[in-house]
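> Quick note, the working numbering runs 511 ahead of the 1-based positions in the sequence shown. We put the beta carbon where it would ideally sit given N, CA and C, even for glycine. This is the structure I have questions about; it appears just below.
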Amino acid sequence: MTAVSLEQDGDIAIVRVDNPPVNALSAAVRTGLLEAVRTIEGNGRIEGAVLLCAGRTFMAGADVREFGKELPGPDLPTVVQAIASSPKPWLAAIHGTALGGGLEVALGCHWRVAAPDARLGLPEVKLGLIPGAGGTQLLPRIVGLERALDLVASGRQIEAAEARELDLVDALIEGDLREGAIAFLRERLAAGAIPPRAAERPVPPFDQTAVAKLAAGIRRRARGLEAPVQAAESVLAAATLPLAEGLACERATFLRLRESAQAKALRHLFFAEREAAKVPGLEAVVPREIRHVGVIGAGTMGTGIAIAFLDAGYPVTIVETSAEALARGRARIEEAYQGLVKRGRLGQAEAAARLARLEGTSEPEALAAADLVVEAVFEDMAVKSALFAHLGRILRPGAVIATNTSYLDVAALARASSRPRDFLGLHFFAPANVMRLLEVVRTDKVAPEVLATGLAVARKLGKIAVVAGNGDGFIGNRIWAFYRRQLEYLLEDGADPYTIDAAMTAYGFPMGPFAVFDLSGLDIALAQRKRRAATRPAGERYVRIPDILCELGRLGRKTGAGWYRYTDGRAEPDPAVLEVIAAERTRRGTPQQSFTAEAIQAHARAAMVNEAARVLAEGIALRPSDIDVVLVHGYGFPSWRGGPLFEADTIGLDRVLADVVAMAAVGGVGSEPAPLLVELARRGSTFGAWAGKESA
Ligand code: 3HC
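Given below as structure tokens:
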């Protein structure tokens, strides 16, 4: 099989790229395309070329697997340039996704036509890059500076219809794409209607103030990420520099960023996200078919979960105990959709169609025919056990039963249902319709096809699924709880919550941990501490400050005060909290110390890495990269650091271990260095090289 083949349909050349799975622009494709340009140029009987792709998609970009290595063959700008300067007109026929370098090749063509369900985008920023083959210079020449700024800096994909409105696509082709594309090209050639290529057009006039405002917004939102800022710079340069200079600057930035620490970290995550879905033993397992979903509980979590399923096309029946609670839940879902419509994110008709798939009832019996039931009721073992016992009696045989518990023992809940083979945890993160992470919790008893169903459903919901073992807090909440404890020690020793929050936002988290605690509610953490009281190791240091805040009714945002006080929803540091901390410190006789931002960050990272090492050694997570995915997508760990374990590997485990030893000295009992971390550091090894639980 050749990566690029050439055939002729009369006077039209058909250039076909075939490089599974996503037609990435690997060396063979670049070489093949360049040869095709030359062959077509040399063939007097050919009037124009249609570029299309085999398989599921148009070219999805440069081959990410080639990055970090010596690039063989011609580079991509040479290929785009060759197409763009060829005397024969080219047309790109797009299906699936035209992304990154794939879209840049299409931008080198005279025309682009697309299947109605195609998507286009320049997602390079998500890999810590900017487009490197003309994207930042050619796109603004077609869609204007403002649109180009948005698309390149966000990396978002747009649907073919929007691309058509922007003239990024010249026609949408219903039916056979190849035939439609050939007909389109023939018609244009016959009419002699050959427009200038993107490279030959000027950047259309634009509103200076609006552009400056957009660029400022991009810089503000970047939060430590270099790529969006550089992407915006490069797009802006298109307005002032001649094309050749703009292209040269773009390429230089691309090459520099490709070798950057941020790009390496984001590449790690790209592959980690895809690896997470691969679970040993499930390769050949066929998931159960899920057509109808039941959600029990119409609170914040339940409604978010219902929306996630409705968005993915599932009919959903939501169950609540009372008509009032049901009405509140329905209203919340309607509000969420109205909000999307108002912000122009969803069409009115589509919102109505999604709502039409929703049914509500107070009778769990209505779920008798459901294929999957997700429970999202009050976090209480007795309440949930009673519910699952009932579901076990009424659901159809083979229905998959899931709990959204964040801390409870999934195996015990599975036993309560009397259907442990059909039972698993689906731990969504709030807001469940927005957050991309889903922990899929397995027990010893779950049937392989039920676990596979959890993963398949996650994919359909557009979630990144990570399989977790059934331990307290699974992967994420377990690490987060340990991290919280270690930060509380710092707090009692002298770092105030606002300084800690500032240090962690400077590190790259979107919110500081104490602001997050306020958001999730201090009572949630209190309940977890109470649950843990029975198993807490004797002599473990315990910080009472959050308990005192709870006693004072400061439960976080929902009560208008927690670690912060809230005025009109705005968080402000509160001297009353500092007084509570100072009083407790005096009572304990703890001398006040001061901590730099770097010390706080090192302490926090040490906490995450140390607990992650235990989670790994216990087999709660399958692999280190799964933990990185969980922390980045569920807890706001800065993506450009690649996750705590990737970062630890980058820094060197001996250095991280030194931080852990310092952290353990502060925490005492229960904070000791994890044996796996100690062992890897001793061997001079890394988490990335760790071969699995057995080798620990
Ligand atoms: N290079 C190499 N491999 C790639 C790839 C790429 N650009 N894109 C996807 N793959 C691989 C994946 O790793 C995966 O491999 P695996 O089966 O061994 O795990 C396989 O293709 C399928 O990928 P997905 O599981 O993601 O399949 P989906 O159907 O869910 O999604 C997709 C397809 C939308 C194309 C998605 O893979 C994607 O977004 N890819 C990345 C696209 C991208 O970032 N392009 C820009 C690259 S940088 C660039 O072009 C620089 C240029 O400006 C010079």
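Determine, using beta-carbon pairs with one atom in the stretch 1002–1020 and one in the stretch 911–925, whether at least three such pairs fall under 8 Å.
The stretch 1002–1020 is not in contact with the stretch 911–925.
> Cβ of residue 612 within 8 Å of any heavy atom in the ligand 3HC?
yes
> Measure the beta-carbon distance from residue 1028 to residue 1036 and round it to whole angstroms, keeping in mind my assumption that it falls under 8 Å.
6 Å
> Quick one: give me the first and last residue of the alpha helix (DSSP H) that residue 1012 is part of.
1008–1018
> Let me know the alpha helix (DSSP H) ranges lying completely inside the stretch 1010–1086, each 4 residues or longer, listed in chain order.
1024–1031, 1033–1044, 1056–1062
> CA-CA distance, residue 518 and residue 975?
Using only the alpha carbons, I get a separation of about 40 Å.
> Using 8 Å as the cut-off, classify the Cβ of residue 677 as near or not near the heavy atoms of the ligand 3HC, replying yes or no.
no
> Anyone know if the C-beta pair for residue 586 and residue 644 falls short of 9 Å?
yes
> So, residue 796 versus residue 960, is the Cβ gap smaller than 9 Å?
Annotated as proximal: residue 796 and residue 960, with beta-carbon spacing under 9 Å.
> Going by the beta-carbon positions, is the gap between residue 559 and residue 523 smaller than 9 Å?
It is a contact, given that the beta carbons lie within the stated cut-off.
> Under the DSSP definition of a beta bridge, which residues are partnered with residue 705?
In DSSP, residue 705 forms no bridge with anything.
> Applying the 10 Å Cβ sphere with the 16-neighbour rule, what's the burial state of residue 917?
buried
> Given a cut-off of 9 Å on the beta-carbon distance, is the pair residue 570 and residue 609 in contact?
yes
> For residue 598, count neighbouring Cβ atoms within 10 angstroms of its own Cβ and tell me buried if that reaches 16, exposed if not.
exposed
> What separation, rounded to the nearest whole angstrom, lies between the Cα atoms of residue 981 and residue 602?
53 Å
> Based on Cα-Cα distance, which residue from 889, 891, 842 lies nearest to residue 869?
The option with the nearest alpha carbon to residue 869 is 842.
> Let me know the secondary structure DSSP gives residue 938 once reduced to three states.
strand
> Can you tell me whether residue 608 sits near the ligand 3HC, meaning its C-beta is under 8 Å from at least one heavy atom of the ligand?
yes
> Any idea what DSSP makes of residue 816, helix, strand or coil?
Collapsing the DSSP output to three states places residue 816 in a helix.
> In angstroms with no decimal places, state the Cα-to-Cα distance between residue 844 and residue 819.
10 Å
> Taking the alpha carbon of residue 1107 as the reference point, which residue from 663, 1004, 892, 898 has its own alpha carbon closest?
The shortest Cα separation from residue 1107 among 663, 1004, 892, 898 belongs to 1004.
> Are the CB atoms of residue 915 and residue 937 nearer to each other than 9 Å?
Yes.
> In angstroms with no decimal places, state the Cα-to-Cα distance between residue 884 and residue 1158.
38 Å
> Return the chain-ordered list of same chain residues with a C-beta closer than 6 Å to the C-beta of residue 909, the five sequence neighbours on each side being excluded.
none
> Which complete beta strand (DSSP E) runs does the stretch 558–607 hold, if anything under 3 residues is left out?
559–564, 601–605
> Report the three-state DSSP secondary structure of residue 749 (helix, strand or coil).
helix
> Please say whether residue 771 and residue 647 have beta carbons closer to each other than 9 Å?
When the beta-carbon positions are compared, residue 647 and residue 771 stay at least 9 Å from each other.
> Since residue 665 is in the alpha helix (DSSP H), which residue starts that stretch and which ends it?
656–665
> Would you check if the distance between the CB atom of residue 829 and the CB atom of residue 814 is smaller than 9 Å?
yes
> Is DSSP giving residue 962 helix, strand or coil here?
helix
> In this structure, does DSSP put residue 629 in helix, strand or coil?
coil
> My understanding is that residue 953 touches residue 978, with C-beta atoms under 8 Å, so please give their C-beta distance in whole angstroms.
6 Å
> Closer than 8 Å is the cut-off here; do at least three beta carbon pairs connect the stretch 539–553 with the stretch 686–694?
no
> Does the ligand 3HC have even one heavy atom less than 8 Å from the beta-carbon of residue 568?
Yes, since a heavy atom of the ligand 3HC falls inside the 8 Å radius drawn around the Cβ of residue 568.
> Less than 9 Å separating the beta-carbons of residue 1182 and residue 1156?
no
> What does DSSP give as the partner residue(s) for residue 914 in the beta ladder?
886, 936
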